[in-house]
Amino acid sequence: MAAPTLSTGSPGLSIRRAHLLQAIEADQPCGDAVGCWLADESHGADGLLAVIDGLGHGPEAAQAAQVALQTLGAAPERPLSELFARLDRALFATRGAAIGLLRIDGQRLLHAGVGNTRLLHWRAQGLVRLVSQNGIVGGGLPSPVVETEHPLQAGDWLLLFTDGLDERVRLPLRLPEWQRDPATLCQHLMQHARAGRDDAGVMVVQIGALA
Numbered sequence: 271m272a273a274p275t276l277s278t279g280s281p282g283l284s285i286r287r288a289h290l291l292q293a294i295e296a297d298q299p300c301g302d303a304v305g306c307w308l309a310d311e312s313h314g315a316d317g318l319l320a321v322i323d324g325l326g327h328g329p330e331a332a333q334a335a336q337v338a339l340q341t342l343g344a345a346p347e348r349p350l351s352e353l354f355a356r357l358d359r360a361l362f363a364t365r366g367a368a369i370g371l372l373r374i375d376g377q378r379l380l381h382a383g384v385g386n387t388r389l390l391h392w393r394a395q396g397l398v399r400l401v402s403q404n405g406i407v408g409g410g411l412p413s414p415v416v417e418t419e420h421p422l423q424a425g426d427w428l429l430l431f432t433d434g435l436d437e438r439v440r441l442p443l444r445l446p447e448w449q450r451d452p453a454t455l456c457q458h459l460m461q462h463a464r465a466g467r468d469d470a471g472v473m474v475v476q477i478g479a480l481a
């Protein structure tokens with residue numbers, strides 16, 4: 271089910287988000303996961319977003335995804351490169367995972383990713399695909415882990431999803447009114463962009479202006 275939409279924000283910006291996870295089999299745990307850690311608004315309300323794909327599916331993939339969530343939740347404020355180093359150590363005894371991280375820092379968006387996850391920065395000027403590096407978190411990281419920076423403004427959307435959804439998903443520059451809600455768009459993507467038989471996870475984040 272979609273998570274409740276939350277609202278907070280970096281200076282001048284607000285965040286609304288929702289997510290959906292779907293296991294390959296209804297009686298199996300999902301090996302995909304998403305995470306969102308938002309700082310207290312009085313301290314600038316920076317945030318860390320994560321999409322995690324435990325390799326394969328089933329209990330071992332789910333275990334890897336949960337270890338990754340716990341590791342990120344222990345220190346979500348740390349630099350992305352440091353978080354990947356911590357993740358690589360924590361996941362060494364697991365099957366490993368593909369992980370994409372986004373940090374919202376004021377009106378900056380910082381991205382780093384290792385493995386086959388998909389992160390889209392969708393704005394009025396067009397759709398930007400944020401590219402991850404090859405590798406497996408828990409199986410040795412690329413050196414260095416590359417971090418990129420992008421401007422962020424009200425009206426932008428962020429889509430984080432695993433390879434359970436088709437990376438060729440096409441979105442209009444302007445959403446129809448009925449889709450302009452993170453939970454609704456999550457459901458639409460899960461219904462119309464599934465890519466074969468695999469676990470799937472998606473998080474949709476809408477960036478707005480603080481009232």
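Just so we're aligned, residue 271 is where the sequence shown starts under this note's numbering, counting upward by one. Beta carbons are placed, not taken as given, at the ideal position from N, Cα and C, and that holds for glycine.
Beta bridge counterpart(s) of residue i as assigned by DSSP
i           : result
residue 437 : Per DSSP, none; premise fails for residue 437.
Per-residue burial, residue i [other beta carbons within 10 Å of its own, 16 or more giving buried]
i           : result
residue 314 : Residue confidence for residue 314 is low, a pLDDT of 37 falling below 50, so the modelled location carries little weight; the figure read from the coordinates is stated next. Exposed is the call here.
residue 461 : exposed
residue 418 : exposed
residue 402 : buried
residue 343 : exposed
residue 359 : exposed
residue 470 : buried
residue 354 : buried
residue 346 : buried
residue 303 : buried
residue 297 : exposed
residue 376 : exposed
The alpha helix (DSSP H) enclosing residue i, as first and last residue numbers
i           : result
residue 284 : Premise fails: residue 284 lies in the beta strand (DSSP E), 283-292, not in any alpha helix (DSSP H).
residue 459 : 452-462
Boundaries of the beta strand (DSSP E) in which residue i is found, first to last residue
i           : result
residue 337 : Where residue 337 is concerned, there is no enclosing beta strand (DSSP E), although the alpha helix (DSSP H) it sits in stretches over 329-344.
residue 423 : Premise fails: residue 423 is in no beta strand (DSSP E) and is neither H nor E.
residue 306 : 302-308
residue 323 : 317-324
residue 479 : 470-479
Nearest-angstrom Cβ-Cβ length linking residue i and residue j, presumed shorter than 8 Å
i           : j           : result
residue 425 : residue 393 : 7 Å
residue 452 : residue 416 : The Cβ separation is near 28 Å, so there is no contact.
residue 289 : residue 407 : Not quite, the Cβ-Cβ distance comes to about 20 Å (not below 8 Å), so this is no contact.
residue 381 : residue 372 : 5 Å
- Message: Give the list of continuous alpha helix (DSSP H) stretches no shorter than 4 residues that lie fully inside the region 344-416.
- Response: 350-360
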